[in-house]
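Note sheet for the following structure.
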Amino acid sequence: MFKQILLLISLFFLATSCKKNIQKVAVDAKKPEMNVVVKHKNYAALSSYSKKEIKNWKEYKDVEELLTRFENISPLEALNYAVELKDLTKKMKDSIKIKDFKTPAFKARVNVLENEALRLYDMTMIPAITAKEINLQIDKYILIFSSINEKINTIYQKKLFDEEIELEDFFQLDSIDNKQKTEPKTVKKPEKQIQRANPVSLEKKKAFLRKKSLLQNKKDEN
């Protein structure tokens, strides 16, 4: 029984060793350009407010931590991290629990990120792959990750803005309410109505005066 266990362990290590050899043969490590360290562009950073809101998203932090190694890295070293990057990216995609991120636009970005990670992993099995192609693929992954961070910042920037607007409206309403309570109440005096003469009454008055004048003239003649 003991011998069988030792045999199984030996076969396991042998299979693992063979797998590693196959991976090493897939890419020609002897090419000088495969070992040249390249400085890649930095991805967009999260705002302090965004960091606070996603502080419990462990899977995101794992990807971000690994990605810092890609800032200055050779193509060959990047391929050595390709498997780990692929696995961590998938875990990140499958762990989206934050309600604000459960939108088609955000999920689409994360899906693209996983596709770029898979593409980098596939390059480990292409013997004719070039250093230029590997470096370009790293840039693509960083670009998508950067767009995810920008989307996160946009989501929380809008959320923060909405909260500030609601708070400002609350204080304005509160201020108006207090002002109404403190100001003395004034009784509005009714405006005096201007009495306009009735046109009919004026005509009657004029007729009466004319008639009176005629009578007075006749009296003077007599």
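Each position in the sequence shown, counted from 1, maps to that position plus 168 in my numbering.
Ideal Cβ placement from N, Cα and C applies to all residues, glycine included.
Bear in mind the structure is a predicted one, so any value in this text is a computation, not a measurement.
Where Asn248 falls: helix, strand or coil (DSSP): Position 80 of the sequence shown, counted from the first residue, corresponds to residue 248. In the structure shown, Asn248 sits in a helix (DSSP, three-state: H, G or I).
Between Leu286 and Tyr309, which are expected to be in contact by the criterion C-beta below 8 angstroms, what is the C-beta distance as a whole number of angstroms? Working through the sequence shown from its first residue, we reach residue 286 at position 118. Working through the sequence shown from its first residue, we reach residue 309 at position 141. Contact doesn't hold; Cβ gap of about 10 angstroms is too wide.
Please report how far the alpha carbon of Lys220 lies from the alpha carbon of Ile320, in whole angstroms. Here the question's residue 220 lines up with position 52 in the sequence shown. Here the question's residue 320 lines up with position 152 in the sequence shown. Between Lys220 and Ile320, the C-alpha separation is close to 12 angstroms.
Quick check: the Cα distance between Asn203 and Asn240, rounded to an integer number of angstroms? Sequence index remark: in the sequence shown, residue 203 carries index 35 (1-based). Sequence index remark: in the sequence shown, residue 240 carries index 72 (1-based). Straight-line Cα distance between these residues: approximately 12 angstroms.
Quick check on Val280: does DSSP put it in helix, strand or coil? Here residue 280 refers to the residue found at position 112 when the sequence shown is read from its first residue. Three-state result, Val280: helix.
Between the stretch 287-301 and the stretch 263-270, can you find at least three pairs of beta-carbon atoms closer than 8 angstroms? no
Looking at Leu311: is its Cβ nearer than 9 angstroms to the Cβ of Tyr249? For the purposes of this step, residue 311 is taken as the residue at position 143 of the sequence shown. For the purposes of this step, residue 249 is taken as the residue at position 81 of the sequence shown. It is not a contact, given that the beta carbons lie outside the stated cut-off.
If you count every other CB in all the chains shown that lies within 10 Å of the CB of Phe329, and 16 or more means buried, which is it? For the purposes of this step, residue 329 is taken as residue 161 along the sequence shown, with counting starting at 1. Exposed, since its Cβ has fewer than 16 Cβ neighbours within 10 Å.
Once the 5 residues before and after Glu217 are set aside, which same chain residues still bring their CB inside 8 angstroms of it? What you label residue 217 is simply residue 49 of the sequence shown in a count that begins at 1. With the sequence shown as reference, residue 217 is identified as Tyr, and Glu is not the correct amino acid for it. Answer for Tyr217: Tyr324, Gln325, Leu328, listed in chain order.
Does the Cβ of Leu256 have 16 or more other Cβ atoms within 10 Å, making it buried, or fewer, making it exposed? On the sequence shown, residue 256 is found 88 positions in, with the first residue counted as 1. So Leu256 counts as buried.
May I ask which residues mark the beginning and end of the alpha helix (DSSP H) holding Lys220? By one-based count along the sequence shown, residue 220 stands at place 52. Looking at the DSSP string, the run of the alpha helix (DSSP H) that includes Lys220 is 216-221.
Suppose you measure from the CA of Glu233 to the CA of Glu227; what does that come to, to the nearest Å? Here residue 233 refers to the residue found at position 65 of the sequence shown. Here residue 227 refers to the residue found at position 59 of the sequence shown. One C-alpha to the other measures close to 10 angstroms.
Option in Leu247, Pro272, Val278, Ala273 with minimal Cα separation from Asp262: The count along the sequence shown starts at 1 and reaches residue 262 at position 94. When only C-alpha atoms are compared, the closest one is Val278.
Apart from the five residues on each side of it in sequence, which residues of its chain come closer than 6 angstroms, Cβ to Cβ, to Leu244? As a working note, residue 244 is residue 76 in the sequence shown. These residues qualify, in order along the chain: Ala197, Met202, Asn203.
With burial defined as no fewer than 16 other Cβ atoms inside 10 Å of the residue's Cβ, what is the status of Val195: buried or exposed? What you label residue 195 is simply residue 27 of the sequence shown in a count that begins at 1. Counting the other Cβ atoms within 10 Å of the Cβ of Val195 gives 16 or more, which makes it buried.
Sequence-distant residues of its chain with Cβ nearer than 8 angstroms to Lys199 (five each side left out): Along the sequence shown, read from residue 1 onward, the residue named residue 199 stands at position 31. Closer than 8 angstroms at Cβ, skipping near neighbours: Ala299.
Would a C-beta distance cut-off of 9 angstroms place Ile306 and Ala213 closer than the cut-off? Sequence index remark: in the sequence shown, residue 306 carries index 138 (1-based). Sequence index remark: in the sequence shown, residue 213 carries index 45 (1-based). Contact: no.
Taking the C-alpha atoms as reference points, what is the distance between Lys207 and Ile264? Here residue 207 corresponds to residue number 39 of the sequence shown, with the count starting at 1. Here residue 264 corresponds to residue number 96 of the sequence shown, with the count starting at 1. Distance between the alpha carbons of Lys207 and Ile264 is about 30 angstroms.
In the structure shown, what three-state DSSP assignment does Asn317 receive? One-based indexing of the sequence shown puts residue 317 at position 149. The answer is helix: DSSP assigns Asn317 an H, G or I state.
Drop a sphere of 10 angstroms on the beta-carbon of Lys275, count the other beta-carbons inside from all chains shown, and report buried for 16 or more, exposed for fewer. Here residue 275 corresponds to residue number 107 of the sequence shown, with the count starting at 1. The C-beta of Lys275 has fewer than 16 other C-beta atoms within 10 Å across all chains shown, which makes the residue exposed.
With C-beta atoms as the reference, is Phe313 less than 9 angstroms away from Leu281? Stepping through the sequence shown from its first residue, residue 313 is reached at position 145. Stepping through the sequence shown from its first residue, residue 281 is reached at position 113. Contact: yes.
Using the Cα positions of Ala273 and Trp225, report the straight-line distance between them to the nearest angstrom. The sequence position of residue 273 within the sequence shown is 105, counting from 1. The sequence position of residue 225 within the sequence shown is 57, counting from 1. Spanning the two alpha carbons is a distance of roughly 19 angstroms.
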